[in-house]
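Chemist:
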Amino acid sequence: MLFTVLSYVVAAVHVLFPPYLLYRLWRMRFRTVGAWLIEAGFTVAALAVLYLFGRWDVVGVPLRYGIGAAGFLGALLSVVRVYDRPFATDERIRWRWGALIEGALFVGLLIWGGAGCWPGRSAVDLAAPLHGETYYVAHGGGTPPLNYHGAASTSQRYALDVNQLNGWGLRADGLTPDSLSEYAIYGDTAYSPMSGRVVEAVDSLRDQRWPDEDQPAAGNHVWLRRDSLYVVLAHLKQGSVRVEAGERVEAGAPLAQVGHTGNTTEPHLHLHAVRGPAGATSSPDSLADGSPVPVTIGGRFLTRNDMLPPR
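Residue numbers for the sequence shown follow this note's numbering, so the first one is 60 and each next one is one higher.
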């Protein structure tokens, strides 16, 4: 129920917030160009936050570009309302403190989120874990505005959550469909992102429509190891895992199918990497507090709203 409500809230914010910002900007009366600049600056900063950090796969990725273009153009064209006004007057300045504070908050959010667009440390390049041109990064990057994982677990700071887009640019047929098969990615094959050895493979957990607290957070999953590098692919479909612990796999080998198991609200593929002892042979679940490793796919450090590079 909570997830359904949140999905509708997210959709409403993406669709209604930009028009509201433009309505507010065009309805205000400005005595000076300076006052307009403050309000227009806030509007552009707020639109940029939504454009860069929003979950556009929920409402349709094409809508991102339409709303983004219309929003920024509308904000810039509003200068016609003040083109004949002075930049400032000799009267006592009446600061628009509300707009200044709001603008500062959104600019700060842009800087914070933007810092997560670079790995900040040496990254490991992996092969694409999904093959195709329609896979969308729902969570990725190095800061919470782009990727909530780091706030929940340090070891998952650079984790990737990947969805697939259907023909409408949506992750699913509807906001919260009842059938798992209505999610575009459900059942797609996940491939090994590197050559290495399987350390752990879990395949017995049932797929679920809603999160099951009795299941391990990763659900069905595969841990791979190469020297001191561990990589996990999580939330896999029951009965689809093709490998066993101890088996050696090559990059690009099929591992399993994307499912909906573990601590997750909808089908997607989760991937993250950590560093551990080079000689470790035990389950890497003990590496939950290990050192997070940034990953690149095809040489690219992916963040929210990026598309997974095709194989």
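Note that CB positions come from ideal geometry on N, CA and C, so glycine has one too.
(1) Between which two residues does the beta strand (DSSP E) carrying T355 extend?
(2) On the DSSP letters alone, give me the boundaries of the beta strand (DSSP E) that L314 sits inside.
(3) Between the alpha carbons of W269 and T323, how many angstroms are there, rounded?
(4) Nearest by alpha-carbon distance to W177: which of P368, T362, V261 is it?
(5) Following the continuous beta strand (DSSP E) through A293, name the residue where it begins and the one where it ends.
(6) Using only CA atoms, which one of G175, G125, A312, E303 lies nearest to F112?
(7) Under 7 Å Cβ to Cβ from A182, same chain only, skipping five residues before and after it: list those, please.
(8) Just mark W115 as buried or exposed, buried being the case when its beta carbon has 16 or more other beta carbons within 10 Å.
(9) What does the Cβ neighbour count give for R88, buried or exposed, with the cut at 16 atoms within 10 Å?
(10) Assess contact between the stretch 85-104 and the stretch 120-128, defined as three or more Cβ pairs (one per stretch) separated by less than 8 Å. Is contact present?
(11) At the level of alpha carbons, what is the spacing between G257 and I244?
(12) Quick one: what's Y67 bridged to in DSSP?
(13) On the DSSP bridge list, what partners appear for V261?
(14) Cβ of Y242 within 7 Å of Cβ of P313?
(15) Going by beta carbon distance, what residues of the same chain come within less than 6 Å of G133, once the five residues before and after it are set aside?
(16) Can you give me the start and stop residues for the alpha helix (DSSP H) that H331 sits inside?
(17) Rounded to whole angstroms, what is the Cα-Cα separation between I160 and T148?
(18) Might you give, ordered along the chain, the residues of its own chain that have their beta carbon closer than 6 Å to the beta carbon of G162, omitting 5 neighbours on each side?
(19) Take the Cβ of R83 as the centre, count every other Cβ of all protein chains shown within 10 Å, and call the residue buried at 16 or more, exposed below.
(20) For Q215, name the three-state secondary structure that DSSP assigns.
(21) With A134 as the anchor, note down where its alpha helix (DSSP H) starts and where it stops.
(22) Please classify Y139: is it buried, with 16 or more other beta-carbons within 10 angstroms of its beta-carbon, or exposed?
(23) Identify every residue that forms a DSSP beta bridge with D365.
(24) Any contact of the stretch 61-69 with the stretch 227-242, i.e. 3+ C-beta pairs under 8 Å?
(25) Under 7 Å between the Cβ atoms of Q297 and D266?
(26) Could you give the distance in angstroms between the alpha-carbon of N225 and the alpha-carbon of S66?
(27) Suppose contacts are defined by Cβ-Cβ distances below 7 Å. Is G127 in contact with L229 by that definition?
(28) The beta strand (DSSP E) spanning Y245 covers which residue range?
(29) Where DSSP assigns a beta bridge to D266, which residues make up the other side?
(30) Tell me the DSSP bridge mates of A231?
(31) Please state whether DSSP places Y207 in a helix, a strand or coil.
(32) Per the DSSP calculation, G255 is bridged to which residue(s)?
Modeler: Reading from the atomic positions:
(1) Here the question's residue 355 lines up with position 296 in the sequence shown. T355 -> beta strand (DSSP E) spans 354-356.
(2) Numbered from its first residue, the sequence shown carries residue 314 at position 255. Counting along the chain, the beta strand (DSSP E) containing L314 begins and ends at 313-316.
(3) The residue labelled residue 269 in the question sits at position 210 within the sequence shown. The residue labelled residue 323 in the question sits at position 264 within the sequence shown. Their Cα atoms are separated by approximately 8 Å.
(4) Locating residue 177 in the sequence shown gives position 118, where the first residue counts as 1. Comparing Cα positions, the closest option is T362.
(5) For the purposes of this step, residue 293 is taken as the residue at position 234 of the sequence shown. Element bounds for A293: 288-295.
(6) Looking up residue 112 in the sequence shown gives position 53. Cα-wise, what sits closest to F112 is G175.
(7) To locate residue 182, count along the sequence shown from 1; it is residue 123. The residues are P353, V354, T355, F360.
(8) Within the sequence shown, numbered from 1, the residue matching residue 115 stands at position 56. Classification for W115: buried.
(9) Residue 88 sits at position 29 when you count from the first residue of the sequence shown. So R88 counts as exposed.
(10) no
(11) Taking the sequence shown and counting its residues from 1, the one referred to as residue 257 is at position 198. Taking the sequence shown and counting its residues from 1, the one referred to as residue 244 is at position 185. One point to set straight first is that residue 257 is Val, not Gly, in the sequence displayed. Using only the alpha carbons, I get a separation of about 24 Å.
(12) The residue you call residue 67 lines up with position 8 of the sequence shown. Checking the DSSP bridge columns, you'll see Y67 has no partner listed.
(13) As a first step, residue 261 must be located in the sequence shown, where it is residue number 202. Paired residue(s): H280.
(14) As a first step, residue 242 must be located in the sequence shown, where it is residue number 183. As a first step, residue 313 must be located in the sequence shown, where it is residue number 254. No, they are not a contact pair.
(15) Here residue 133 is taken as the residue at index 74 of the sequence shown, counted from 1. Around G133: L81.
(16) For the purposes of this step, residue 331 is identified with residue 272 of the sequence shown, where counting begins at 1. Element bounds for H331: not the alpha helix (DSSP H) but the beta strand (DSSP E), 328-334.
(17) Taking the first residue of the sequence shown as position 1, residue 160 is located at position 101. Taking the first residue of the sequence shown as position 1, residue 148 is located at position 89. Using only the alpha carbons, I get a separation of about 22 Å.
(18) Within the sequence shown, numbered from 1, the residue matching residue 162 stands at position 103. For G162, where only same-chain residues beyond five positions count, the Cβ hits under 6 Å are G100, F101, A104.
(19) Numbered from its first residue, the sequence shown carries residue 83 at position 24. Flag for R83 reads exposed.
(20) Here residue 215 is taken as the residue at index 156 of the sequence shown, counted from 1. Annotated three-state conformation of Q215 is helix, per DSSP.
(21) Along the sequence shown, read from residue 1 onward, the residue named residue 134 stands at position 75. Unbroken alpha helix (DSSP H) run through A134: 120-136.
(22) By one-based count along the sequence shown, residue 139 stands at place 80. Note that residue 139 corresponds to Val in the displayed sequence, not to Tyr. Result: exposed.
(23) Position 306 of the sequence shown, counted from the first residue, corresponds to residue 365. DSSP, once it has assigned bridges, lists no residue as partnering D365.
(24) yes
(25) Reading the sequence shown from its first residue, position 238 is the one you call residue 297. Reading the sequence shown from its first residue, position 207 is the one you call residue 266. In this structure, D266 lies closer than 7 Å to Q297 by Cβ.
(26) Taking the first residue of the sequence shown as 1, we reach residue 225 at position 166. Taking the first residue of the sequence shown as 1, we reach residue 66 at position 7. Taking the straight line from one Cα to the other gives about 18 Å.
(27) On the sequence shown, position 68 is the one that residue 127 refers to. On the sequence shown, position 170 is the one that residue 229 refers to. Not closer than 7 Å, so no.
(28) Here residue 245 refers to the residue found at position 186 when the sequence shown is read from its first residue. No beta strand (DSSP E) contains Y245, which DSSP labels as neither H nor E.
(29) Here the question's residue 266 lines up with position 207 in the sequence shown. Note: D266 sits in no beta bridge, so no partner.
(30) Taking the first residue of the sequence shown as 1, we reach residue 231 at position 172. Per DSSP, the beta bridge partners of A231 are Y242.
(31) Sequence index remark: in the sequence shown, residue 207 carries index 148 (1-based). Note: Y207 maps to coil in three-state DSSP.
(32) Position 196 of the sequence shown, counted from the first residue, corresponds to residue 255. DSSP, once it has assigned bridges, lists V308 as partnering G255.
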